[in-house]
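With our numbering applied, the first sequence corresponds to residues -17 to 406, in that order.
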Amino acid sequence: MLNLKFIQDNPELVVEKLKRKNFDASEIVSNIIDLNTKKNKLQGEADSAKAEMNKISKEIGMLFREGKHEEANAAKERTAELKENIKNFDADFAAIEEKVYELQVLLPNLPHESVPVGKGEDDNEVIKQVGEIPAMDEKALPHWELAAKYNLIDFELGVKLTGAGFPVYRGKGAQLQRALINFFLAEASKAGYEEIQPPLAVNEASGFGTGQLPDKEGQMYHITEDNLYLIPTAEVPVTNIYRDVILDAKDLPYKNTAYSACFRREAGSYGKDVRGLNRLHQFDKVEIVQIAHPDKSYGILDEMVAHVEGLVAKLGLPYRILRLCGGDISFASALTFDFEVFSAAQEKWLEVSSVSNFESFQSNRLKLRFREEGVKKPQIAHTLNGSALALPRIVAALLENYQTPEGIKIPEVLVPFTGFDMIS
RNA sequence: GGAGAGAUGGCAGAGUGGUCGAAUGCGGCGGUCUUGAAAACCGUUGUACCGCGAGGUACCGGGGGUUCGAAUCCCUCUCUCUCCGCCA
């Protein structure tokens, strides 16, 4: 959510910058400014009416204490009209405030100046590509066939237990998952991230804080009985740790990492790239989150990108880093780098991480602030997060890229975590 | 699932109709003292919004009501805690 004062003070800038997100904000912004001006005027009137009311009430109290009942009762008569006015002011004010808010949440975050112009994923800028695309044998199998061949993942069994998109990992498949999680968490700890084990369900306030509610309500599993939502990413509970808090500037940045299962309904995406592990309703992910000083957040974004790059590089997967264009970047993000690994048998790039700086967009909603030494007024902090990493597509690429006639090799960095170096 | 208690500032905890944005203690910050520190003492210490400013308004879990006036009374919702039962 963009800050209201900022919109009020920089209307042209907002409209101009959002063009790069292919978003025409001119009408919304001008409506916001009109309404907000009315709102401020109304508050001035309401406040002075209230001030007068408070004053009279105090006087009445005084008169009663002095035993001047008649004067007190006379004073009461003056309040009726005031009271009515205040009621009307408040009702109008609340109505306008709600409208302003409704418009305000329609505005996406402003893109960083480095965000390329573009319509969709084809316009993303490949800023780096590393590793050889493996030349695969004719007989190379896609990961879902490898998973069946070596009894690693049972998709049909998942259908029996739950439904499509809830695979069952077993044997070395399960152990590989566990190894990856541990590897990612170990790397994050080494990089100074404090590990969190968050709840996998969150309340409405948390869903709202990170922006899943109300916009993306349909993407989350909702436990209606208790009005809780299964988390679509650990970003939600972890970032909400910092909801409604004022931090000390000297403690920034806060760095957290969390492994969690993630649940996504993926409503409306049936039939598209859903084969095997490409798109699931439940998957595992290690997330990294930082709460940063606004002056430092872009340096920190680079640091997080470097961290994720280290992970894919250590796993020996061919990867590329994309700077998302205005048409593909998310609503809440100012700048996003996606990581894709090449899945050799499917012969396509799979997104395995998305690292974003949200600047103050989430913090505004979260009321996440920090206080500079000696400065009275708290400032809005910046939030950043990234996948480090999402497991399923990493597993898909590992299986496909490391397949040999003898079996599937395990990358060296993982062997201490798996305890085996080959799946055969 | 049954029974009960509670929700007040960073924390603890008073306040049951007016002078309460709210006592007191702890913590934090500044100062005195000290070679330095501790102790002691003095002062200070919430957030948001409106206003050029002086200043004003709102907030004692959320919402509604009574009243000239509500942290305080009434209704309602949510959450937390304790005990019992069941259970990982």
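Idealized CB from N, CA, C, for every residue including glycine.
Cβ atoms of Leu134 and Lys154 come within 8 Å of each other, at about 6 Å.
Look at Glu48 here: in three-state DSSP terms it is coil, with no helix or strand label.
Nearest to Leu17 by alpha-carbon distance, out of Thr144, Gln(-10), Ala31, Ala33, is Gln(-10). In the DSSP assignment, Cys244 is bridged to Phe265. A check of alpha carbon separations from Asp29 across Phe324, Arg353, Asp72, Lys142 identifies Asp72 as the nearest. By alpha-carbon distance to Ala243, the top candidate from Glu207, Leu299, Pro181 is Pro181.
Only exposed fits Ala249, as fewer than 16 other CB atoms lie within 10 angstroms of its CB. In this structure, Ser315 lies away from Asn4, with their beta-carbon atoms at least 9 Å apart. Looking at the DSSP output, Phe324 shares a beta bridge with Trp331.
Taken through DSSP and simplified to helix, strand or coil, Gln361 comes out as strand.
The beta carbons of Val97 and Ile228 sit no closer together than 9 Å. Per the coordinates, the alpha-carbon of Gln179 lies some 13 Å from the alpha-carbon of Asn222. Remark: C-beta atoms of Val337 and Leu283 approach each other more closely than 9 Å.
By the neighbour-count definition (other C-beta atoms within 10 Å, threshold 16), His51 is an exposed residue. Judged by DSSP secondary structure, Asp230 falls within the beta strand (DSSP E) whose first and last residues are 227 to 230. The beta carbon of Ala170 sits closer than 8 Å to those of Glu177, Thr239, Val268, Ile270, His289, Ala370, all from its chain and outside the five residues before and after it, given in chain order.
One thing to note: Ile390 has its Cβ no nearer than 9 Å to the Cβ of Thr400. In the displayed model, Lys237 falls within a strand according to three-state DSSP. Here the alpha carbon of Tyr151 sits roughly 27 Å from the alpha carbon of Ile115. Under DSSP, Thr318 shares a beta bridge with Ser338. In the structure shown, Lys391 falls within a strand segment according to DSSP collapsed to helix, strand and coil. In the structure shown, the three-state DSSP call for Thr215 is coil. Restricting attention to alpha helix (DSSP H) runs no shorter than 4 residues, the region 79 to 131 encloses them at 125 to 131, ordered along the chain. When DSSP states are grouped into helix, strand and coil, Met286 belongs to the helix group. Taking Leu(-14) as reference, the option from Asn346, Ile163, Pro219 with the minimal CA-CA separation is Asn346.
Shown here, Gln194 sits in coil according to DSSP, grouped into three states, outside any helix or strand.
Each of Tyr301, Val334, Asp233 was checked against the Cα of Arg353, and the nearest Cα belongs to Asp233. Distance from the CA of Phe75 to the CA of Ile10, rounded to the nearest whole angstrom, comes to 19 Å. Asn13 and Lys237 have their C-alpha atoms spaced approximately 39 Å apart.
Glu333 sits away from Phe324, with the two beta carbons spaced by 9 Å or more.
Remark: fewer than three beta-carbon pairs, one from each stretch, lie closer than 8 Å, so the region 300 to 311 and the region 183 to 190 are not flagged as touching. DSSP, read as helix, strand or coil, puts Ile205 in strand. Distance from the Cα of Gln272 is smallest, within the candidate group Tyr224, Met118, Lys20, for Tyr224. Annotation for Ile303: no alpha helix (DSSP H) segment contains it, though the beta strand (DSSP E) segment containing it runs 301 to 305. Judged by DSSP in its simplified three-state form, Glu169 adopts helix. Close CB contacts of Val(-3) within its chain, under the 7 Å cut and outside five residues either way in sequence, are with Ala7, Ser8, Val11 (chain order).
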